[in-house]
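Notes to accompany the following structure.
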Amino acid sequence: MIFRRILVANRGEIAVRIIRTCERLGIETILAASEADLHSMAARMADSVICIGPASSAVSYLSVDPVVAAALAAKVDAIHPGYGFLSENPRLAAACESAGIVFIGPTVRQLEAVGDKLNARAHAIAAGLPVFPGGEVRTFDEAYQLAAQIGMPVLIKSVGGGGGRGMKLVHDSSKLASALELAMSEAQATFGDPRVYLERFAAGSRHIEVQVLGDGENVIHLGTRDCSVQRRYQKLVEEAPAPSISDRLREILHRSAVAFAKHLRYRGLGTVEFLVDGDREAFYFLEMNARIQVEHPVTEAICGLDLVEEQICIAQQARLRWKQNDIAFNGHALECRINAEDWAHDFRPSPGTISRAAFPVGPGTRVDTHIQPDAAVPAFYDSLLAKLIIHGENRAAALHELRRALVSCEIGGITTNLPMYTALLANDEYSGSPVDTAFLQRFLEHRATHAA
Amino acid sequence: MKLTNEDVQEILQLLDATRFDELHLETSRFKLTLKRNSGSGRWTQEMQHLAEPNLIHGESAPPAKPASVSAANSADSSQSESLAIRAHLPGTFYRAPRPGAPPFVEVGSRVENGTVVGIIETMKLMNAVHAEASGEIAEICCENARFAEKGTVLMRLKPTLL
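In the order they appear, the protein sequences are chains W and L.
Last residue of the first sequence? That's 519 in this note's numbering, and every number before it is there in order.
Last residue of the second sequence? That's 219 in this note's numbering, and every number before it is there in order.
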């Protein structure tokens, strides 16, 4: 089947990103937009726009029925769900199936297999991947017993969560009961599922993930990404390939991610996430993300593929176009997430209207954005404004170029976290050696104490 | 015809070989400005897509009647002896810590300076709203789960007289 028309069921920079690839492929785009986004950049670029509901995402972007109704009304062949919102929701995939519309993503069963994080853990064990000691806990007693077994500190995670949402780090077993109670009620409120599990927490590890692409039978990998620069488990800087790990460990990570995806007979684009202790050459499975990710452009930069196009091809032809040997990696890429946040005031969100948006342009520089003069940055959605992606010969060259490119970014009308990146890239620890997931917090605290 | 990122790169290559430092291009669909920094020789771009969105099935979308409370329409209270508790950020106002939980405060609740009286959700972040004096909640001016502009009066507080 060849797609003539696709419904883009998302907003912001990823909607713009998907529309650009569709334009290049000659596929007509219909944007499913909320009332707050009817004049967004994506709405101006799409061939048509359908309003799917009010600004609040619970009744628009997170609601299956209006999205499917829009797809049927527009007579599209397929839905691209982007990331976040309904992208990993098995109910949307199932509704597409019954409506005869292709869901550009994995199967309903695969979404269920990785969306339930305990289920994903069991699949990882079955596929032979190492996981952190841990498991489900239903009562305080179970939690104390398990914590005593695996040792403090522990992380409490939501079974229905993922992506760092709803995680609680507990250092002291006397705080375990209250943290568990809070985690369960928050999990119920946020994910509609109160189940939680404990895992041992390893300080000093790096977040490294492997991009995979499968067609249900064959699976290839598109290399590693390091996303250790995080604040409150949200990624801010990503790079590909993961720097400073041994070739042996990199190869094992690639093979483990492919083994996991093959075990699921995975179809589509996905990411297998690991926590890695580079010194001990140890790694642990975290979770799999069954969608395109925010940080996908760094992978595109080093492997030369358009991952949205690959998603569309697999959904159309049900076959991988490439073998592992066809994939070659070239250079090093870095990405900064430019957010509407005031880093000088505890990352306070800064919604508003854009007055000016100037970005660097030139070879090796890419900016994925949805902001332009007069564009609204609504308070209803996340704060991502733009992604600045730099591709260089090697890490040092890419870092050098990134420092210069940051100077060329000028965003007016709202406050952004751009100054944080300038400060971060001047930091020797970041530029020199690979950093762990606690690095950014240390960096921010250090600055706060020295500024005071 | 639409302007792609590849087109911009091509224009830039042509421009790079000239002595021009600025290009302004405007059509009915887009506005593009390319500028060369005199010092570094590097280019920046400012792009604006101007095409009006092609909205289909408009009948399913009622004209956007914002379900929000603005700063102006709640500020007309004559209770001059009360203190306004305002939204410090634009966002969705919640009276309780989570759905189904009891509200932080009701009319008549005693609060201290710093007591959390509500939450404003802005860009997926929950921000606590604090009372800025001790006293008693006199009025709740914003409904739960309503969008509030920055500066909207959420509640009125009758301060304790010292």
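Note that CB positions come from ideal geometry on N, CA and C, so glycine has one too.
Starting from residue i, follow its DSSP beta bridges and name the residues at the other end.
i, result
"Cys403(W)", "Val304(W) and Leu455(W)"
"Arg532(W)", "Nothing can be reported for residue 532(W): it is not among the residues displayed for chain W, which extend from 68 to 519."
"Ile223(W)", "Lys235(W) and Leu265(W)"
"Gln278(W)", "Thr338(W)"
"Asp435(W)", "Lys454(W)"
"Thr149(L)", "Glu178(L) and Phe204(L)"
"Arg93(L)", "Trp100(L)"
"Ile355(W)", "Correcting the residue type first, residue 355(W) is Met in the shown sequence and not Ile. Partner(s): Val339(W)."
"Met143(L)", "Before going on, a small fix: residue 143(L) reads as Arg here, not Met. Partner(s): Val210(L)."
"Phe170(W)", "Ile146(W)"
"Leu74(W)", "Ile97(W) and Ile146(W)"
"Val198(W)", "Phe352(W)"
"Phe87(L)", "His106(L)"
"Asp344(W)", "Ala349(W)"
"His390(W)", "In the sequence as presented, His is not what sits at residue 390(W); that position holds Lys. According to DSSP, which records beta bridges pairwise, Lys390(W) is partnered with nothing at all."
"Glu90(W)", "According to DSSP, Glu90(W) bridges with nothing at all."
"Ala185(L)", "Ile176(L)"
Give a yes or no on whether the C-beta atoms belonging to residue i and residue j are separated by under 7 Å.
i, j, result
"Ala76(W)", "Val134(W)", "yes"
"Phe150(L)", "Arg203(L)", "yes"
"Gly182(W)", "Leu265(W)", "no"
"Tyr351(W)", "Pro220(W)", "no"
"Leu289(W)", "Cys403(W)", "no"
"Ala144(L)", "Leu211(L)", "yes"
"Ile478(W)", "Ala442(W)", "no"
"Val186(L)", "Ile194(L)", "no"
"Leu374(W)", "Leu342(W)", "no"
"Val548(W)", "Glu306(W)", "In the structure displayed, chain W extends from 68 to 519; residue 548(W) sits before or after that span and is not available."
"Met180(L)", "Ser450(W)", "yes"
"Asp503(W)", "Arg262(W)", "no"
"Gly175(L)", "Ala446(W)", "no"
"Ala19(W)", "Val169(W)", "Residue coverage of chain W in this structure runs from 68 to 519, which leaves residue 19(W) outside it and unanswerable."
"Leu316(W)", "Glu354(W)", "no"
"Gln177(W)", "Leu331(W)", "yes"
"Gln378(W)", "Met108(W)", "no"
"Val204(W)", "Val277(W)", "no"
"His437(W)", "Ala368(W)", "no"
Could you pull out every residue in the same chain whose Cβ sits closer than 6 Å to the Cβ of residue i, ignoring the five residues on either side in sequence?
i, result
"Val116(W)", "Leu98, Ala100 and Ala110"
"Ala515(W)", "none"
"Ala328(W)", "Val279, Gly281 and Val286"
"Leu60(L)", "Phe87"
"Thr101(L)", "Lys92"
"Arg84(W)", "Asp435"
"Gly480(W)", "Gly419, Thr420, Ile421 and Ser422"
"Gly149(W)", "Asn77 and Ile81"
"Thr489(W)", "Leu473"
Between residue i and the ligand GTP, is the CB less than 6 Å from at least one heavy atom?
i, result
"Ala214(W)", "You won't find the ligand GTP in this model; it holds no ligand whatsoever."
Output needed for residue i: all residues of its chain with C-beta closer than 7 Å, excluding positions within five of it in sequence on either side, in chain order.
i, result
"Gln383(W)", "Met68, Ile69 and Phe70"
"Arg388(W)", "Cys380"
"Leu129(W)", "Phe152 and Leu153"
"Arg470(W)", "Leu492"
"Glu95(W)", "Arg71, Arg72 and Asp114"
"Leu69(L)", "Leu91 and Trp100"
By Cβ distance, which residues of its chain are closer than 8 Å to residue i, with the 5 residues on each side in sequence left out?
i, result
"Glu234(W)", "For the record, residue 234(W) in the displayed sequence is Met; it is not Glu. Hits under 8 Å: Leu222, Ile223, Lys224, Ser225, Gly228 and Tyr300."
"Pro123(L)", "Unreliable positioning characterises Pro123(L) in this predicted model, as indicated by a pLDDT of 48, which lies under 50. A coordinate reading is not provided."
"Thr411(W)", "Residue identity differs from the one stated: residue 411(W) is Ala in this sequence, not Thr. Cβ neighbours of Ala411(W) beyond the five flanking positions: Pro486."
"Ala166(W)", "Val135, Ala138 and Leu139"
"Ala246(W)", "Ile223, Lys235 and Val237"
"His513(W)", "none"
"Pro159(L)", "Ala153"
Do the region 235 to 251 of chain W and the region 155 to 169 of chain W meet, that is, are 3 or more Cβ pairs less than 8 Å apart? no
On the three-pair Cβ rule with 8 Å, is the region 93 to 108 of chain L touching the region 64 to 83 of chain L? Short answer: they touch.
Output, in sequence order along the chain, the residues in the region 443 to 459 of chain W whose CB is closer than 7 Å to any CB in chain L. Ala446, Tyr448, Asp449 and Ser450
What residues from the region 170 to 184 of chain L come within 7 Å of chain W, judged by C-beta to C-beta, listed N to C? Thr179, Met180, Lys181 and Leu182
What residues in the region 94 to 115 of chain L bring their beta carbon closer than 9 Å to a beta carbon of chain W? Asn94, Ser97, Arg99, Trp100, Thr101, Gln102, Glu103, Met104, Gln105, His106, Leu107, Ala108, Glu109, Pro110, Asn111, Leu112, Ile113, His114 and Gly115
Take every Cβ of the region 114 to 128 of chain W, pair it with every Cβ of the region 360 to 368 of chain W, and state whether three or more of those distances are shorter than 8 Å. Result no; under three Cβ-Cβ pairs closer than 8 Å.
Which residues, taken in chain order from the region 71 to 93 of chain W, show a beta carbon closer than 8 Å to some beta carbon of chain L? Arg87, Glu90 and Arg91
Kindly confirm or deny that the region 415 to 425 of chain W and the region 312 to 330 of chain W touch, where touching means at least three C-beta pairs closer than 8 Å. Not touching, per the Cβ criterion.
Any residues in the region 475 to 502 of chain W with a beta carbon nearer than 9 Å to a beta carbon of chain L? Which ones, in chain order? Here the close residues are Ser475, Cys476 and Glu477.
Using a Cβ-Cβ cutoff of 7 Å, what residues of the region 154 to 168 of chain L are near chain W? List them in chain order. Arg155 and Pro156
Under 8 Å, with one C-beta from each stretch per pair, do the region 246 to 255 of chain W and the region 269 to 276 of chain W reach the 3-pair mark? no
Closer than 9 Å between beta carbons: that is the criterion. Which residues of the region 408 to 431 of chain W meet it against chain L? So the close ones are Glu408, Phe414, Arg415, Pro416, Ser417, Pro418, Gly419, Arg423, Ala424, Ala425, Phe426, Pro427, Val428, Gly429 and Pro430.
Count the C-beta pairs between the region 426 to 440 of chain W and the region 458 to 477 of chain W that are closer than 8 Å, then say yes if the count reaches three, no if not. A contact is defined here as three or more CB-CB pairs under 8 Å, and the region 426 to 440 of chain W meets this definition with respect to the region 458 to 477 of chain W.
Can you list, in chain order, the residues of the region 67 to 82 of chain L whose Cβ is nearer than 8 Å to any Cβ on chain W? Leu69
Tell me which residues of the region 133 to 152 of chain W have at least one Cβ-Cβ distance to chain L shorter than 9 Å, keeping chain order. Per Cβ criterion, the list reads Pro133, Ala136, Ala137, Ala140 and Ala141.
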